[in-house]
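J.:
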Amino acid sequence: MNYVLAMDQGTTSCRSIIFDENGSPICVFQKKILQFFPQPGFIEQDPLEIINTQVTTAQEAIKVVGLDKVKAIGIANQRETTILWNKKTGKPLMNAIVWQDRRTHSICKSLKNHESLIHEKTGLLLDPYFSATKIKWILDNYKVENIQDIAFGTIDSWLVWNLTGNHLTDVSNASRTLLFNIHTLSWDEELCQLFNVPKEILPKVVDSTAFFG
């Protein structure tokens, strides 16, 4: 029998679950991860802890059925949590900014006049919950010598990049950034300019069932 590995990267833990061909769970391995609160309204996590913990649980799950029997991997993740990293070194610029973080409230307030445009293109409200203002905050507060070396990703992209070396995401994750046009199904140039986010740091958007690596 063949199996599917599901990696569930959540806000408080990383889980890996093996399912058989009938969709029945065979085993579950789970490890907690930490959150950090450097000041009021700030919520962060360590991207390296995230990938290391997720890989550890995946390895434990795979051992149960054998690597040769695992034919596919699926990822569920906290979609708006934001990471920027250096593609040459693999190191994050800072901790991940978690979806609950409210530090970009003032950025959202400054863009209030553009709220209808943002909603029309993305289907979302202008809110610190989503990734775009988090990206802007990081780029405004951390010195980047060469933007070509920088990659942005929600947690799915961070996992995929570490596991395969490919900088990819899918529509369901891209659509939670405030940068993705839900009508054209592509990154929106006008929104990227509005949030001052260089398009070259964004992952390629592919179908959820595409080959990720």
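Residue numbers for the sequence shown follow this note's numbering, so the first one is -11 and each next one is one higher. C-beta: ideal position from N, C-alpha, C; glycine also.
Should the stretch 121 to 133 be regarded as contacting the stretch 15 to 30, the criterion being three or more beta carbon pairs within less than 8 Å?
T.: With the cut-off at 8 Å, the stretch 121 to 133 and the stretch 15 to 30 do not touch.
J.: Keeping to the same chain, check which residues put their C-beta closer than 8 Å to that of Lys79; ignore five residues upstream and five downstream.
T.: Trp73
J.: Would you tell me roughly how many angstroms separate the C-alpha atoms of Asp176 and Ile5, rounded to the nearest one?
T.: Cα-Cα distance, rounded: 35 Å.
J.: Can you confirm whether the stretch 185 to 199 touches the stretch 152 to 162 when touching is taken to mean that 3 or more C-beta pairs between the two stretches lie within less than 8 Å?
T.: yes
J.: Between Lys75 and the rest of its own chain, which residues show a CB-CB distance below 6 Å, the 5 nearest in sequence each way excluded?
T.: Asp137 and Ala139
J.: Going along the chain, which unbroken runs of the beta strand (DSSP E) with 3 or more residues stay wholly within the stretch 114 to 159?
T.: 138 to 141 and 156 to 158
J.: Which residue or residues does DSSP assign as beta-bridge partners of Met(-5)?
T.: Ser4 and Ile63
J.: When burial is assigned at 16 or more other CB atoms within 10 Å of the CB, is Pro28 buried or exposed?
T.: Here Pro28 is exposed: its Cβ has fewer than 16 other Cβ atoms, across all protein chains shown, within 10 Å.
J.: Given 8 Å as the limit, is there contact between the stretch 168 to 175 and the stretch 104 to 112, that is, 3 or more CB pairs closer than that?
T.: Touching, yes.
J.: I need the DSSP call for Ser174, collapsed to helix, strand or coil.
T.: strand
J.: CB-CB under 7 Å to Val16, same chain, minus the five flanking residues each way: which ones, in chain order?
T.: Beyond the five residues adjoining it in sequence on each side, Val16 comes within less than 7 Å, by CB distance, of Arg3 and Ile5 in the same chain, given in chain order.
J.: Cα-Cα, which of Asp56, Leu190 and Glu103 is closest to Ile143?
T.: Of Asp56, Leu190 and Glu103, the residue nearest in Cα terms is Leu190.
J.: DSSP beta-bridge partners for Thr69?
T.: Paired residue(s): none; Thr69 is not in a bridge.
J.: By how many angstroms is the C-alpha of Phe30 removed from the C-alpha of Ala46?
T.: Straight-line measurement puts the Cα of Phe30 at about 29 Å from the Cα of Ala46.
J.: For Lys59, which residues of its own chain have a beta-carbon under 6 Å away from its beta-carbon, when the five flanking residues on both sides are left out?
T.: Asn(-10)
J.: Measuring straight from C-alpha to C-alpha, what distance separates Gln18 and Ser94?
T.: 37 Å
J.: Kindly indicate the opening and closing residues of the beta strand (DSSP E) around Ile14.
T.: Pro13 to Lys20
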